[in-house]
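Numbering (the numbering used here), first residue to last: 169 to 246. The C-beta atom is built at its ideal place from N, Cα and C for all residues, glycine as well.
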């Protein structure tokens, strides 16, 4: 995986959880609100990572398919 994809995958969850940790340590959130925000943070982070990796995977498969089609077109032209 390229560094730019790693940054896109790692950075959003890191920011989300850094904010949650800071709010928890500062005791601005506690009790049920803390549980709800942490669960929400996990859900949002997973959705972001899934969206980015699915997009990357789709682009990669499309490139491979195009290369295969070009290869087949060259073989049929001969």
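Rounded to whole angstroms, what is the Cα-Cα separation between residue i and residue j?
i	j	result
residue 251	residue 172	For the chain, the structure presents residues 169 to 246; residue 251 sits outside this window and is missing.
residue 196	residue 174	31 Å
Below 9 Å between beta carbons: does that hold for residue i and residue j?
i	j	result
residue 220	residue 170	no
residue 208	residue 185	no
Which two residues bound the contiguous alpha helix (DSSP H) that contains residue i?
i	result
residue 170	Per DSSP, residue 170 belongs to no alpha helix (DSSP H) and is neither H nor E.
Examine chain C for any beta-carbon lying closer than 9 Å to the beta-carbon of residue i, and answer yes or no.
i	result
residue 171	No chain C is present in this structure, which holds just one protein chain.
Less than 7 Å between C-beta atoms, sequence neighbours within five positions excluded: which residues of the same chain meet that for residue i?
i	result
residue 205	188 and 197
residue 202	192
Query raised in the report: On the three-pair Cβ rule with 8 Å, is the segment 209–217 touching the segment 181–196?
Result: The segment 209–217 vs the segment 181–196: in contact.
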